[in-house]
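*Asks:* Everything in the sequence shown is counted per the numbering used here, starting at 121 for the first residue and increasing by one.
Can you keep this structure in mind? I'll have questions shortly.
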Amino acid sequence: MPIVSILFFIYSTSQTQAQEFRRREIDPNSVVQNLLPIQSEDLNYNEVYENLIQLYTTPLDLNTCTRDDLASTYLLNERQLNSFFTYREQLGKLVSIYELQAIPTFDLPTIYKILPFVTVIPENKLLWNDLTNPTDHYILIRTEQSLEQKRGFTNDVPISRDGVPQRFEGSSTQWYARYRYSKSRNFSLGFTIEKDEGEAFRWQPSQHRYGPDFISFHAQIQNRGRIKNLVFGDYQLQIGQGLIFSAGFSLGKGMETVYTIRRPTTGARPYSSVTESGFFRGTSITYTLNKRLQLTALYSRVRRSGSVSISNDLTGEEVISTLQTDGLHRIPNELAIRANVVEQNAGAHLLYKFARGEIGGTMLYTHFSQPLQRAVAVRNEYEFTGIQNLLTGVHGNYLWHNYNLFAEVARSQSGGVGAVAGLLASISKRWDATFLFRHFDKSFHSFYSNAFSESSRNSNETGVYIGGKYTIHKKLKAGAYVDGYRFPWFRYLVDKKPTYGYDFLVQGTWTPNKKWAFYAIYRQEQKEHNIASKLSKQKFVTNTNRHQLILNTEYNASKIWSFRTRLQGSTFAYKDFKVDKGWMMIQEINADFGKISALLRCSIFNTDSYDSRQYAVERDVLYAVSMPAYYDYGFRNFLLIRYTPHTRTDIWVRFARTDMPNQKTLSSYVDEIDASHRSELKLQVRHRF
Numbered sequence: 121m122p123i124v125s126i127l128f129f130i131y132s133t134s135q136t137q138a139q140e141f142r143r144r145e146i147d148p149n150s151v152v153q154n155l156l157p158i159q160s161e162d163l164n165y166n167e168v169y170e171n172l173i174q175l176y177t178t179p180l181d182l183n184t185c186t187r188d189d190l191a192s193t194y195l196l197n198e199r200q201l202n203s204f205f206t207y208r209e210q211l212g213k214l215v216s217i218y219e220l221q222a223i224p225t226f227d228l229p230t231i232y233k234i235l236p237f238v239t240v241i242p243e244n245k246l247l248w249n250d251l252t253n254p255t256d257h258y259i260l261i262r263t264e265q266s267l268e269q270k271r272g273f274t275n276d277v278p279i280s281r282d283g284v285p286q287r288f289e290g291s292s293t294q295w296y297a298r299y300r301y302s303k304s305r306n307f308s309l310g311f312t313i314e315k316d317e318g319e320a321f322r323w324q325p326s327q328h329r330y331g332p333d334f335i336s337f338h339a340q341i342q343n344r345g346r347i348k349n350l351v352f353g354d355y356q357l358q359i360g361q362g363l364i365f366s367a368g369f370s371l372g373k374g375m376e377t378v379y380t381i382r383r384p385t386t387g388a389r390p391y392s393s394v395t396e397s398g399f400f401r402g403t404s405i406t407y408t409l410n411k412r413l414q415l416t417a418l419y420s421r422v423r424r425s426g427s428v429s430i431s432n433d434l435t436g437e438e439v440i441s442t443l444q445t446d447g448l449h450r451i452p453n454e455l456a457i458r459a460n461v462v463e464q465n466a467g468a469h470l471l472y473k474f475a476r477g478e479i480g481g482t483m484l485y486t487h488f489s490q491p492l493q494r495a496v497a498v499r500n501e502y503e504f505t506g507i508q509n510l511l512t513g514v515h516g517n518y519l520w521h522n523y524n525l526f527a528e529v530a531r532s533q534s535g536g537v538g539a540v541a542g543l544l545a546s547i548s549k550r551w552d553a554t555f556l557f558r559h560f561d562k563s564f565h566s567f568y569s570n571a572f573s574e575s576s577r578n579s580n581e582t583g584v585y586i587g588g589k590y591t592i593h594k595k596l597k598a599g600a601y602v603d604g605y606r607f608p609w610f611r612y613l614v615d616k617k618p619t620y621g622y623d624f625l626v627q628g629t630w631t632p633n634k635k636w637a638f639y640a641i642y643r644q645e646q647k648e649h650n651i652a653s654k655l656s657k658q659k660f661v662t663n664t665n666r667h668q669l670i671l672n673t674e675y676n677a678s679k680i681w682s683f684r685t686r687l688q689g690s691t692f693a694y695k696d697f698k699v700d701k702g703w704m705m706i707q708e709i710n711a712d713f714g715k716i717s718a719l720l721r722c723s724i725f726n727t728d729s730y731d732s733r734q735y736a737v738e739r740d741v742l743y744a745v746s747m748p749a750y751y752d753y754g755f756r757n758f759l760l761i762r763y764t765p766h767t768r769t770d771i772w773v774r775f776a777r778t779d780m781p782n783q784k785t786l787s788s789y790v791d792e793i794d795a796s797h798r799s800e801l802k803l804q805v806r807h808r809f
């Protein structure tokens, strides 16, 4: 260890009582933006963003966190994880956050990246608690308004097939509120409420309406004797590789080509997102049986919205053909199916930890109040049908030197099997690599799974992923992956079996100094797909090819001014047909004057079709994320201002506008706007107690 670091460490730890390290604030949008430069419609960005926020607002205590906890940040490789836990085991608990400099393989860039997500709580908690592990106590209120009128608010509303006018029931104002009182690894109490645009505020308990359309709440306590974790209200679980329970900061394929492949087992966590599906409502408890063995049990009862149809058999029974996930209840058709299905879940997880790894067993039983049955179609032959499903599975991981082997296998009541197995390796100080194999039977049914896959659901897929990262120089890094997959059965808009696909990505980052940062990404994807009807009257399946290129530059001119320029383009083509092209250019200017900061983004885009559309994460107010699709020709600009009148209060104002000169109207059905532009105004206030 360098002498300078030793001296700095001795000095800093000796001064800790006088001045403890304060975690710096991060911009979650920038973190997501850099991790996910290649966007996918299958990824729930609200969930990714929400779980990133949870990682930040509940920092890990480096003196008590497990390997899975620290791995869940996706910022450390296996060599660095080994170094940290070896250091803690040999030298005892850390005294200060500055001690990270003394850990082998921890360089300053790594430390800077991980600082926002960790803290150090020494053994004398009474002396240090308020400094190192403060409470997070705040209330946040947000309102949002579209400035152009949508068709659902006019007199010219669409008419449903049964002759009912589809008019928005509520006002055009969208609002949201959140309250949270928590202390990391100790307790959490909070609620989230939201009313979407067009939804009404109604108190009708007989229809399960209690004011705003969506209400989420939770209460959690942790580390109380043998009770490791107890949650009431809304929650999610992350266990194994996500074949049965999946939640947390799961990224999939993107700029990070190695670390994000493995899923850590972090257990239950409160749910506070506004995505109105994919969570449990009830209670979960994790109980420590002994030093190596812990048991988690859960029960959930939640109402879901599902489209009603008539059974395919001769009984004429009403069945649920599709469970809705958009959470919108604005018009008669949407309100007619609101909260019409009761879903109950009961499950358990037994986890055994040993020196070099862990092994666990999982069970989840799901029961619906009405039968589920998909519409008649060849692709739906193996979809779930019935009112109940039982999932059982085992998972584990084993650590050998700087190699981490992990796997999970699960079986659904239908007999379908899902399996994931992989390896993470820190081959040298410069090389990191990963390998992952997955297989999901076409009859594998798991409602809360989100294991690594190409499809949005873990079903009807077999694939192999290989990724690597190489540090050419401390300022220059490169990464790449290749992923090949096979779909044995028919899929939506793919009337052929089996079909195949692959994609690969190469990327490089260069940070010559503290002011400049560059990255470049190239990705190619090939899949089989039904030919578009506009190209051929004859229906057949053919190959599609997509190429994407992103060039990004960031310049921090001073403590006040910073700039970001991004140029991206893509091509898309059906085999033997013309190539559709699309491009987008973004310029951001950021100014931070202390109490007030502002971000201006101007962008222009031009695409030949929707197939060559562009995606880019947009900066937004805290706890919000924006990811619009850009297609045709137009401009997208927004201004985001944050004002902090004093340390306890923050105010955000955001104005965004999209102009598409070639379009006479935007969107469709009840969301249609009779104009070639769309404008949104957003105001948010947070007060910390």
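Backbone N, C-alpha and C define an ideal beta-carbon position, used for all residues, glycine too.
All values derive from a computational prediction rather than experimental measurement.
N202 and N517 look like a contact to me (Cβ under 8 angstroms); what is the Cβ gap, rounded to whole Å?
*Replies:* Not quite, the Cβ-Cβ distance comes to about 14 angstroms (not below 8 angstroms), so this is no contact.
*Asks:* Taking DSSP as the reference, what is the three-state secondary structure of N522?
*Replies:* coil
*Asks:* Please report the distance separating the alpha-carbon of Q261 from that of V805.
*Replies:* A quick correction: the sequence has Ile, not Gln, at residue 261. Distance between the alpha carbons of I261 and V805: 5 angstroms.
*Asks:* With a cut-off of 8 angstroms, do at least 3 Cβ pairs link the stretch 791-801 to the stretch 281-293?
*Replies:* no
*Asks:* Is the beta carbon of G353 less than 7 angstroms from the beta carbon of F337?
*Replies:* Closer than 7 angstroms, so yes.
*Asks:* Per DSSP, what are the beta-bridge partners of F334 in this structure?
*Replies:* E314
*Asks:* Going by CA-CA distance only, name the one from V529, I457, E528 that's closest to Q327.
*Replies:* I457
*Asks:* Any contact between the stretch 405-416 and the stretch 313-323? By contact I mean 3 or more CB pairs, one from each, below 8 angstroms.
*Replies:* no
*Asks:* Could you tell me the alpha carbon to alpha carbon distance between N757 and N343, rounded to whole angstroms?
*Replies:* N757 and N343 have their C-alpha atoms roughly 47 angstroms apart.
*Asks:* Can you give, in chain order, each stretch of the beta strand (DSSP E) that sits fully within the stretch 379-414 and has at least 3 residues?
*Replies:* 387-390, 400-408
*Asks:* Grab the span of the beta strand (DSSP E) containing E319 for me, first residue to last.
*Replies:* That residue, E319, is in no beta strand (DSSP E); it is neither H nor E in DSSP.
*Asks:* From F273 to R450, what does the alpha carbon distance come to, in whole angstroms?
*Replies:* 11 angstroms
*Asks:* Between L613 and G360, what straight-line distance do the alpha-carbon atoms span, to the nearest angstrom?
*Replies:* 32 angstroms
*Asks:* H807 and T778: beta carbons closer than 7 angstroms?
*Replies:* no
*Asks:* When the Cα atoms are used, what is the spatial distance from K270 to A776?
*Replies:* 17 angstroms
*Asks:* Please name the residue, chosen from T395, R774, R421, that lies closest to D446 on a Cα-to-Cα basis.
*Replies:* T395
*Asks:* Please look up how many angstroms separate the CB atoms of G480 and H487, rounded, as I've assumed it's under 8 angstroms.
*Replies:* G480 to H487, Cβ: 24 angstroms. No contact.
*Asks:* Specify the secondary structure class of G272 as computed by DSSP and reduced to three states.
*Replies:* DSSP places G272 in helix when its eight states are reduced to three.
*Asks:* I'd like to know if the stretch 228-237 and the stretch 184-196 are in contact, where contact means that at least 3 CB-CB pairs between them fall below 8 angstroms.
*Replies:* yes
*Asks:* Beta-carbon within less than 6 angstroms of Y763's beta-carbon, same chain only, minus the 5 sequence neighbours each way: which residues are those?
*Replies:* I716, I771
*Asks:* With 16 as the cutoff for other CB atoms within 10 Å, does Y675 come out buried or exposed?
*Replies:* exposed
*Asks:* What is the rounded straight-line gap between the Cα of R798 and the Cα of Y296?
*Replies:* 21 angstroms
*Asks:* Can you tell me whether G374 is buried or exposed? The criterion is at least 16 other CB atoms within 10 Å of its CB, across all chains shown.
*Replies:* buried
*Asks:* Could you have a look at E800 and say whether DSSP puts it in helix, strand or coil?
*Replies:* strand
*Asks:* Once DSSP output is grouped into helix, strand and coil, what is the label at L246?
*Replies:* Note that L246 scores 44 on pLDDT, short of 50, meaning its location in the model is unreliable and no value can be drawn from it.
*Asks:* For L309, which of D333, A339, S280 has the nearest alpha-carbon?
*Replies:* A339
*Asks:* Going by DSSP, what residue range makes up the beta strand (DSSP E) through K348?
*Replies:* 347-358
*Asks:* Indicate the three-state DSSP secondary structure (helix, strand or coil) for Q734 in the structure shown.
*Replies:* If DSSP states are grouped into helix, strand and coil, Q734 belongs with the strands.
*Asks:* If you reduce the DSSP assignment to three classes, tell me which class V584 lands in.
*Replies:* strand
*Asks:* Can you tell which of E574, R305, Y730 has the C-alpha that lies nearest to the C-alpha of I241?
*Replies:* R305
*Asks:* Measuring only the C-alpha atoms, how far is G477 from T386?
*Replies:* 14 angstroms
*Asks:* Could you tell me how far apart the beta carbons of T408 and K348 are, in whole angstroms, since I believe they sit closer than 8 angstroms?
*Replies:* 5 angstroms
*Asks:* Name the two residues that bound the continuous alpha helix (DSSP H) containing P229.
*Replies:* That run of the alpha helix (DSSP H) goes 228-234.
*Asks:* Express the C-alpha separation of A545 and E528 in angstroms, rounding to a whole number.
*Replies:* 18 angstroms
*Asks:* Buried or exposed: where does I572 fall if 16 or more other Cβ atoms within 10 Å of its Cβ makes it buried?
*Replies:* Note that residue 572 corresponds to Phe in the displayed sequence, not to Ile. F572 should be labelled buried.
*Asks:* With 16 other CB atoms within 10 Å as the buried threshold, where does L211 fall?
*Replies:* exposed
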